[in-house]
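Trainee: In the numbering used here, the protein residues as written are -15 to 278. Here it is: the structure, laid out below.
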């Protein structure tokens, strides 16, 4: 009887997870396996594939353009991830204030960038960063800062993309931090207040440690999202000027659909997958001693 119940439970479990597992296999693992297979060939999508083994990977490791795009990608990641996390935490703290009315309105306003099409937003940001009549140059001019070339400048184009990336992701991160803040029992703060702890000490002694799981989750998500940035680059700079914003995803796109080097592009995709996997694993490893789940 017990074995029959165990069989039923097993079948029920497979029925429950089966559709999600099938979607995962069809749309994630099969394309990943196919990309790995294509990466071992030379293929321009016109002529038949030709086996080259690991040659695409060897060429990739010797390609200065690849390493340059990796460098630019990490510049973008370093510029967006910490800033978007810190700003989101500050916003969450403000939005978590109970005695201020109308906070629901501000929560919606900060979330609007998340649900806005990145392609449409990138077009608007392109206008805002226009050197001659753009709003950004007008605003910084009000405080005495000279106008910048922004998207036409090799020095400022990446800065513009980082600003857009932060704008896009802060609202998303804020929702997670706000949810995390609302799970912290108020009794902890009451006890700290009785012991004479001020707001700053309570923040560093109670809030930050108890938000560490949320912070880790947000950091991993934002690292992956920033590493895979593409739409804003494609719409606003097309990797320029002078390839100063050609991040790894745009480098992959060029090789696949401009130069029709599908094998080489697939090798780039596999390297990206491995790097993201390793960095995510490293983040979890390094954070074990600093993440408090209780």
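All C-beta atoms in this analysis are idealised placements derived from N, C-alpha and C, irrespective of residue type, glycine included. Remember, predicted model here, so these are calculated numbers, not experimental data.
If you draw a straight line from the C-alpha of residue 236 to the C-alpha of residue 253, how long is it?
Mentor: Cα to Cα, the separation comes out at about 7 Å.
Trainee: Going by alpha carbons, who is nearest to residue 79 out of 46, 2, 160 and 129?
Mentor: Ranking 46, 2, 160 and 129 by Cα distance to residue 79 puts 160 first.
Trainee: Closer than 8 Å is the cut-off here; do at least three beta carbon pairs connect the segment 101 to 112 with the segment 214 to 222?
Mentor: Verdict: yes, contact present.
Trainee: Please work out which residues of its chain come closer than 7 Å, Cβ to Cβ, to residue 211, disregarding the five sequence neighbours upstream and downstream, and give them in chain order.
Mentor: Cβ within range, chain order: 57, 61 and 260.
Trainee: If you draw a straight line from the alpha carbon of residue 70 to that of residue 199, how long is it in whole angstroms?
Mentor: The straight-line gap from Cα to Cα measures roughly 10 Å.
Trainee: Which residue or residues does DSSP assign as beta-bridge partners of residue 35?
Mentor: Partner(s): 25.
Trainee: Closer than 8 Å by C-beta to residue 33: which residues in its own chain qualify, once you throw out the five before and the five after it? Chain order, please.
Mentor: Hits under 8 Å: 22, 25, 26, 27 and 247.
Trainee: Can you give me the start and stop residues for the alpha helix (DSSP H) that residue 106 sits inside?
Mentor: Taken as a continuous stretch (DSSP letters only), the alpha helix (DSSP H) holding residue 106 covers 102 to 112.
Trainee: What would DSSP say about residue 130, mapped onto helix, strand or coil?
Mentor: Of the three classes helix, strand and coil, the one that applies to residue 130 here is coil, per DSSP.
Trainee: Less than 7 Å between C-beta atoms, sequence neighbours within five positions excluded: which residues of the same chain meet that for residue 181?
Mentor: Within the same chain, residue 181 has close Cβ partners 189.
Trainee: Suppose you measure from the CA of residue 157 to the CA of residue 129; what does that come to, to the nearest Å?
Mentor: Looking at the two C-alpha atoms, the distance is approximately 30 Å.
Trainee: Could you give the C-beta distance for residue 76 and residue 165, rounded to a whole number, given that I count them as a contact under 8 Å?
Mentor: 6 Å between Cβ atoms; contact.
Trainee: Taking the straight line between their C-alpha atoms, what separation do you get for residue 154 and residue 92?
Mentor: Using only the alpha carbons, I get a separation of about 13 Å.
Trainee: Taking the beta carbon of residue 45 as the centre, do at least 16 other beta carbons fall within 10 Å, making it buried, or is it exposed?
Mentor: Flag for residue 45 reads exposed.
Trainee: Distance check for residue 148 and residue 230, CA to CA, integer angstroms please.
Mentor: Looking at the two C-alpha atoms, the distance is approximately 16 Å.
Trainee: Please go through the same chain and pick out, in chain order, the residues whose beta-carbon is closer than 7 Å to the beta-carbon of residue 249, but skip the five residues on each side of it.
Mentor: 236, 239 and 240, listed in sequence order.
Trainee: Please classify residue 263: does DSSP put it in a helix, a strand, or coil?
Mentor: Helix.
Trainee: Identify the continuous alpha helix (DSSP H) that holds residue 174 and give its terminal residues.
Mentor: Segment 170 to 178, the alpha helix (DSSP H) holding residue 174.
Trainee: I think residue 207 touches residue 65, with their Cβ atoms under 8 Å apart; what is that distance to the nearest whole Å?
Mentor: Contact flag correct, Cβ pair sits at about 6 Å.
Trainee: Could you check the C-alpha separation between residue 81 and residue 205 for me, to the nearest Å?
Mentor: Going by the C-alpha atoms only, they are around 26 Å apart.
Trainee: Am I right that residue 135 and residue 170 are in contact with their C-beta atoms under 8 Å? What's the rounded C-beta distance?
Mentor: The pair is not a contact, with the Cβ atoms about 47 Å apart (cut-off 8 Å).
Trainee: Identify which residue in 131, 226, 74 and 242 has its Cα closest to the Cα of residue 52.
Mentor: It is 226.
Trainee: Considering Cα atoms alone, identify which of 187, 114 and 201 is closest to residue 74.
Mentor: Out of 187, 114 and 201, 187 has the C-alpha closest to the C-alpha of residue 74.
Trainee: Who are the Cβ neighbours of residue 224 in its own chain at under 8 Å, not counting the five residues just before and after it?
Mentor: Closer than 8 Å at Cβ, skipping near neighbours: 141 and 230.
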